[in-house]
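Protein chains in written order, with the numbering used here: chain A, 278 to 669; chain B, 278 to 669.
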């Protein structure tokens, strides 16, 4: 068991119409002039934005708007946001949307509080010493950014996608109304469920540390998301299932499911990142397309965890050798992905990569992780290439 | 499923020698003159206090000391603490100990930040509008006060024991080193494990709300504490088991295991409070002595939960009617209490109450909860009396 820090200070208001509390929460955390940061038009078309604006106006809170945050949010918009906030003397950031709007707002906050080029933080050149207070109205359950310390930004020049994690970036509050996620396309819902499970799975498949309370709560979370993903496939407006998945999304990435372990494996995420760099891929679907090949490549080096996963998450029969049970668990997970219309290889993901592409991705991935990475199994460039090839 | 708020902002440093970070954390949260509040001499005899003082001195942080916090901490000491802090211009409170020192420090914080008589908050006359920042070095896993919003203070005059809950009372940081709990007497360890489980069980046995993710994580927590309580009975210096129990103690009372339900039942706690008022009873042991009688009295009105508990926490065989399974679960829980030398009735608790005592306790309990209370089953005075009588 490893020592750990746990810090998840975000105040969560969860349930129907919780967005009606947004002005009250902004005032509680000292905001008087707000940047409302969002992505596309869905939050406007749904009427949510009008509701938010009316709340702020009634409370005498001034605001400016900045839309346009896209999946893999762009650095250029972050710069724009910083300039706008300076010009308008903004003292509070409100992200309305999913991970894209939240991550983009986190970057704007770092830029405002620290000065200099905000890309420095993502480029590993500096550490943030503060941020501007941030609140969230969540409309998509997936990235867990509403309670996490992390954000990912893409620099357009060279399409460099980099993450930065800091406790200063954690949101002051998160408003989570499961009803706001009900109009998502089925594919995005399934991608979100996959991403949520993967945040816990990356922490779970390790060879270091491990507390029983963390592991068994992680398994409980994973079983819950698995079950409710299938409910949502058949009944997308099911409030309870939306709520289970939404709350799981926050708990899966706020640190809880990693307490006491060695920090996790994270190689599925790293392999997917390169995929997302070269092809137009939804993050959750990319993770599903890679995971099975990764799992079959590494499971013998992390057998006790894969066996536990098979029995306690996938609920396969406790019969046969440990290897047979572990493999049955991996197969059951791939069956689950297929059942919610997620891909289990690159072909099903709809991309046609040449072997040269795979070689390029493996090289970039290895460089990106400083040569090698992984706790279930430590992977080098040749391992990464083998996994990409197996995922074809 | 009910709407909920979740707010657990306490920064946790968990692991060996984490107490070495105390000065750094106090500075991070703005402290320059500290009240070190503690209970008896064990934290001095163990050398912990010398370590803490040396840290503060090296960091140039001034401090004053106030010991004497007892189980069911007294109002008089809270008043003393408030006066001392005013005189010494204290700006940060550090509780070193278990729930007694922490609860007493929370009350001192309310008194300092709000003025007037601090008993008003416990007496329900006012609400706190702030508190003085509080840090904790935990030496006893039980009450969960290190991450909870609650505190319980006893007014000596009339022995009135009252709780007050406010987010302002939540600790800024909690230092948790499982090694600091290794020298506890076995009885106190078992009492702590019982208290920890009960904080989740009070939230679990309800007829309202219930999210699958909350329930299944609660079950995971309860199984973990049960298993590790037995390990600690046989091997009190087992670091991993101490760590599992310690972290479970915080998660069991920080709100996590109640998200989405109706607020919980809490009648076992209320029934035990009256017991503790009339007799000299360790809180955890009192809970164990009452629980079985409460459970047998209410289980038919909350059968699905008692069945789930039997199967998923006590892991009894899935055989027979729902009632038979539920009863087997209650019996297994009582067997578990006995296995860690906890009582399962008032006789085993070592108190000899007359029927008149039981009548008095039932009356006081009913008055204390405004006539009646309970979610598993709503209990009135006659129900409370029946449970006390069954617990004889």
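Ideal Cβ positions, reconstructed from N, Cα and C, are used throughout, including at glycine.
Since we're looking at a predicted model, the values are computed, not measured.
Worksheet item: What residues in the segment 525-551 of chain B have a beta carbon less than 9 Å from any beta carbon of chain A?
Response: 525, 527, 528, 533, 536, 537
Worksheet item: Are the segment 647-663 of chain A and the segment 557-566 of chain A touching by the rule of at least three beta carbon pairs closer than 8 Å?
Response: no
Discussion item. Quick check: what's the CA-CA separation for residue 501 (chain A) versus residue 466 (chain A)?
Written reply: 15 Å
Worksheet item: What number of angstroms, rounded off, separates the C-alpha of residue 635 (chain A) from the C-alpha of residue 439 (chain A)?
Response: 20 Å
Practice prompt. In angstroms with no decimal places, state the Cα-to-Cα distance between residue 539 (chain A) and residue 525 (chain B).
Written response: 19 Å
Worksheet item: For the segment 630-647 of chain B against the segment 547-558 of chain B, are there 3 or more C-beta pairs whose distance is under 8 Å?
Response: yes
Discussion item. I'd like to know if residue 281 (chain A) contacts chain B, where contact means its C-beta is closer than 8 Å to some C-beta of that chain.
Written reply: yes
Item to complete: Please check if any C-beta of chain B sits within less than 8 Å of the C-beta of residue 291 (chain A).
Response: yes
Worksheet item: Does the beta-carbon distance from residue 522 (chain A) to residue 452 (chain A) come in below 8 Å?
Response: no
Discussion item. Is residue 411 (chain A) close to chain B? Criterion is C-beta to C-beta, closer than 8 Å.
Written reply: no
Fill in: Cβ shell of residue 365 (chain B) (< 7 Å), same chain only, five flanking positions each side left out
310, 341
Worksheet item: Beta-carbon separation of residue 395 (chain A) and residue 384 (chain A) under 8 Å?
Response: yes
Worksheet entry | Contact with chain A by residue 657 (chain B), beta-carbon distance below 8 Å | no
Worksheet entry | Sequence ranges, beta strand (DSSP E) only - wholly within the segment 496-524 of chain B, length at least 3 | none
Worksheet item: To which residues of the same chain is residue 442 (chain B) closer than 6 Å at the C-beta, ignoring the five residues directly before and after it?
Response: 426, 427
Worksheet item: DSSP on residue 535 (chain B), reduced to helix/strand/coil?
Response: helix
Worksheet item: Can you check whether the CB of residue 290 (chain B) is closer than 8 Å to the CB of residue 282 (chain A)?
Response: yes
Worksheet item: Between residue 597 (chain B) and the rest of its own chain, which residues show a CB-CB distance below 8 Å, the 5 nearest in sequence each way excluded?
Response: 605
Worksheet item: Secondary structure at residue 287 (chain B), three-state DSSP: helix, strand or coil?
Response: strand
Worksheet entry | Extent of the continuous alpha helix (DSSP H) to which residue 299 (chain B) belongs | 299-305
Worksheet item: Nearest-angstrom Cα distance between residue 323 (chain A) and residue 375 (chain A)?
Response: 15 Å
Worksheet item: Terminal residues of the continuous beta strand (DSSP E) containing residue 637 (chain B)?
Response: Where residue 637 (chain B) is concerned, there is no enclosing beta strand (DSSP E), although the alpha helix (DSSP H) it sits in stretches over 632-645.
Fill in: Alpha-carbon to alpha-carbon, residue 432 (chain B) and residue 627 (chain B)
25 Å
Worksheet item: Measuring CB to CB, does residue 495 (chain A) end up less than 8 Å from residue 516 (chain A)?
Response: no
Worksheet item: Relative to the alpha-carbon of residue 547 (chain A), which residue among A:492, A:583, A:568 has its alpha-carbon at the smallest distance?
Response: A:568
Worksheet entry | Cα-Cα separation, residue 399 (chain B) to residue 405 (chain B) | 10 Å
Practice prompt. Please decide whether residue 284 (chain B) counts as near chain A, where near means a Cβ-Cβ distance under 8 Å.
Written response: yes
Worksheet entry | Sequence-distant residues of the same chain with beta carbon closer than 6 Å to residue 657 (chain A), five excluded per side | 649
Practice prompt. Starting from residue 412 (chain B), trace the beta strand (DSSP E) both ways and give me its first and last residue.
Written response: 411-415
Item to complete: May I ask whether a heavy atom of the ligand SAH can be found less than 7 Å away from the beta carbon of residue 511 (chain A)?
Response: As for the ligand SAH, it is missing from this structure, which has no ligand bound.
Practice prompt. Out of A:613, A:297, A:317, A:320, point me to the one whose CA is closest to residue 334 (chain A)'s CA.
Written response: A:297
Fill in: Nearest candidate by alpha-carbon position, reference residue 393 (chain B), set B:372, B:423, B:420, B:356
B:356
Worksheet item: Nearest CA to the CA of residue 584 (chain B): which residue from B:577, B:573, B:595, B:603?
Response: B:603
Worksheet item: List, in order along the chain, the chain A residues whose C-beta lies closer than 9 Å to that of residue 496 (chain B)?
Response: 493, 497
Worksheet entry | Extent of the continuous beta strand (DSSP E) run through residue 342 (chain B) | 339-343
Worksheet entry | Distance, residue 429 (chain B) Cα to residue 417 (chain A) Cα | 40 Å
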